[in-house]
Ligand SMILES: [Zn+2]
Ligand SMILES: [Zn+2]
Ligand SMILES: [Zn+2]
Ligand SMILES: [Zn+2]
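Numbering (our numbering), first residue to last: 6 to 658.
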């Protein structure tokens with residue numbers, strides 16, 4: 006004869022799971038509730054077998070899974086309330102007419118009742134409380150399994166002696182201990198016997214039990230029963246959207262249950278229940294505070310299949326975050342965005358709603374690439390360079406559209422792309438600015454090199470324009486900046502020119518620099534690392550022009566890389582012995598046809614060798630037989646013309 010006290014210490018209604026207490030999610034706003042936490046959304050940390058109920062030690066808890074918290078009987082026609090608690094349909098309290106409800110004032114919404122669960126006590130509309138289809142099926146399957154087992158064990162004469170202890174007994178309060186019930190000896194092992202007691206209404210939900218085996222009862226009997234219960238109930242626990250075990254089950258007002266994630270996906274496309282086609286009156290974001298998980302189903306699923314749930318949530322997370330079908334990030338094909346700068350988006354297409362929700366469940370980032378019309382059918386419809394955006398604020402509309410505030414994080418180049426559920430995903434290669442140390446070295450060498458280059462100009466353009474009084478309006482407006490002038494300037498001087506330009510534009514009250522624009526993008530930054538992005542964000546220039554900035558790798562100047570290549574070609578020309586002159590729009594080379602063409606070919610090779618994969622030379626070829634005039638003769642005139650140009654861009658070879 007063995008006697009066993011259950012481990013359960015719960016003697017009152019179990020405390021509700023705390024939705025804001027999700028380990029592993031930085032819950033600082035409502036949106037975080039979209040993140041699926043541990044098993045079945047109970048707020049428990051992802052765990053495996055320790056949650057599984059034992060047929061030997063946890064019999065009382067197993068029976069509680071099917072007991073009504075209100076009447077203590079086996080749940081009959083279970084109804085799951087909007088707060089996630091379940092009770093028998095007959096245990097739904099008396100209804101009253103709800104007052105001050107004008108919308109949606111349907112008949113069944115005007116009838117309400119006060120929730121009998123201590124941690125809720127809210128008023129629920131009767132219309133929101135229908136039969137919980139999944140729970141109902143699961144309970145009837147369990148009932149059938151228990152009954153057939155009871156019949157079978159009846160034949161072998163197994164029965165169990167049970168002593169019920171109420172809360173006072175458990176607490177060891179002697180004055181009430183005399184009410185102690187007589188031990189009962191129902192048929193079956195511990196599980197079946199305890200179920201019978203609950204069915205007879207003799208086992209209060211909060212009561213504990215102790216067992217004394219009678220006859221042949223042993224652990225093996227209960228283990229077999231539990232295995233059969235799990236096996237038969239398992240088929241009812243699959244979501245009808247993903248056909249896998251419910252992950253964070255949520256029961257809608259029509260009584261159908263879906264994984265929270267699957268419900269999200271349903272709502273991306275429709276507001277109808279995919280099973281019964283009734284309207285799902287649920288806001289698209291389905292956050293955990295407004296729409297708690299089905300508590301009873303969570304407990305059953307975790308108690309029976311916690312190990313499967315753990316695997317499933319792990320797989321779900323992997324699917325959400327890393328995998329993307331082997332791609333790095335989702336790509337939003339839309340607009341031009343810059344690092345450090347805000348980008349505002351209105352998301353309404355179902356595929357992008359899904360993409361954004363997945364981003365919210367993951368690390369809140371996605372890639373933004375500028376749309377373009379592909380020149381060939383097999384070319385993508387977006388530019389290859391883009392910006393990684395992080396969602397800093399999101400506002401959902403009830404119909405699932407959302408307004409996004411994002412900030413640019415970093416730049417990337419798309420190296421490969423594909424599709425996932427209708428949107429583009431890509432493998433990316435980050436584009437980083439060179440390090441500060443490299444930046445300094447580049448700036449220093451650039452100044453030296455450009456001084457060297459200028460030796461070839463008979464009359465160098467004025468190079469001190471940056472040092473001029475910035476507040477001399479006549480000068481700063483009239484004096485153009487030549488390429489050579491720009492290349493000689495330090496990064497700081499360049500930024501000063503930019504800032505001064507902005508100041509002048511502001512003084513002129515140009516349309517693109519209003520207080521509203523400044524409120525969005527902030528005051529003009531003086532940090533050379535931010536200034537270009539800021540200016541590009543607000544400057545009324547075509548996106549295709551601004552796009553070129555995304556490919557730069559140096560803070561100093563956008564033309565740095567071009568200048569490097571030009572310098573390399575210069576060295577080549579010098580070595581060729583031909584007569585040449587370099588100016589901001591190109592280089593004039595003189596010589597015989599073959600010599601000139603040869604050196605142009607070599608120039609291409611040099612630029613290619615510096616990692617530039619596509620080089621295009623714009624050439625104007627002139628030949629004359631009437632007189633011998635060298636380029637040098639023309640230089641003076643050319644220089645005069647160039648001095649009036651304001652181009653800041655580099656040369657072609
Ligand atoms: Zn009940
Ligand atoms: Zn409630
Ligand atoms: Zn599902
Ligand atoms: Zn339904």
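The beta-carbon is built from N, C-alpha and C at its ideal position, and this holds for glycine as well.
Residue pairing by DSSP places residue 101 opposite 117 in a beta bridge.
Relative to residue 193, the option among 247, 269, 499 and 152 whose CA is nearest is 152. Separation of residue 214 and residue 302 (C-alpha to C-alpha, rounded to the nearest whole angstrom) is 24 Å. For residue 435, the secondary structure class from DSSP, reduced to helix, strand or coil, is strand. Bounds of the alpha helix (DSSP H) holding residue 266 are 265-274. Excluding the 5 residues flanking it on each side, residue 233 has same chain C-beta neighbours closer than 6 Å at 150, in chain order. Following the DSSP letters along the chain, one finds residue 347 inside the beta strand (DSSP E) bounded by residues 347-352.
The beta carbon of residue 344 sits closer than 8 Å to the beta carbons of 392, 413, 414, 415, 416 and 538 from its chain, once the five residues preceding and following it are set aside; these are given in chain order.
Each residue's CA atom was taken as its position, placing residue 59 and residue 224 some 10 Å apart. Around the beta carbon of residue 89, 16 or more other beta carbons lie within 10 angstroms, which makes this residue buried. Three or more Cβ pairs closer than 8 Å define a contact, and the segment 550-558 falls short of that threshold against the segment 517-528. Of all alpha-carbon atoms in 114, 309, 381 and 61, the one lying nearest the alpha-carbon of residue 236 is that of 309.
Note on residue 533: 16 or more other CB atoms within 10 angstroms of its CB, so buried under the neighbour-count rule. At least one heavy atom of ligand 3 falls within 6 Å of the beta-carbon of residue 246. Each of 346, 355 and 362 was checked against the Cα of residue 274, and the nearest Cα belongs to 355.
In the assembly as shown, residue 260 is a buried residue. Its beta-carbon has 16 or more other beta-carbons within 10 Å. Look at residue 539 here: in three-state DSSP terms it is helix. With contact defined as three or more Cβ pairs closer than 8 Å, the segment 239-255 and the segment 119-128 are not in contact. Contact annotation: residue 230 and residue 154 have beta-carbon atoms nearer than 7 Å. A residue is called buried when at least 16 other Cβ atoms come within 10 angstroms of its Cβ; residue 99 does not meet this threshold and is exposed. Under the criterion of beta carbons closer than 8 Å, residue 320 and residue 394 do not qualify as touching, at roughly 27 Å.
At a threshold of 6 Å, residue 88 does not count as near ligand 1, since its beta carbon sits no closer than that to any of the ligand's heavy atoms.
According to the DSSP assignment, residue 381 belongs to no beta strand (DSSP E), since it is labelled neither H nor E.
Per DSSP, reduced to three states, the secondary structure at residue 595 is strand. C-alpha of residue 140 to C-alpha of residue 299: approximately 10 Å in a straight line.
Bounds of the beta strand (DSSP E) holding residue 166 are 164-170. Residue 278 has its Cβ no nearer than 6 Å to any heavy atom of ligand 3. Here residue 357 is buried: its Cβ has 16 or more other Cβ atoms, across all protein chains shown, within 10 Å.
Restricting attention to 75, 104 and 103, the CA atom closest to the CA of residue 94 is found in 75. Rounded to whole angstroms, the gap between the alpha carbons of residue 531 and residue 337 is 30 Å.
Closest option to residue 79, judged by alpha-carbon separation, among 206, 596 and 390: 206. Going by beta carbons, residue 77 and residue 209 fall inside the 7 Å limit. No residue range can be given for residue 367, since it is assigned to no beta strand (DSSP E) and is classified by DSSP as neither H nor E. For residue 413, no alpha helix (DSSP H) encloses it; the enclosing beta strand (DSSP E) starts and ends at 407-425. Straight-line measurement puts the Cα of residue 425 at about 47 Å from the Cα of residue 227.
Assignment of residue 506 by DSSP, reduced to helix, strand and coil, places it in the helix class.
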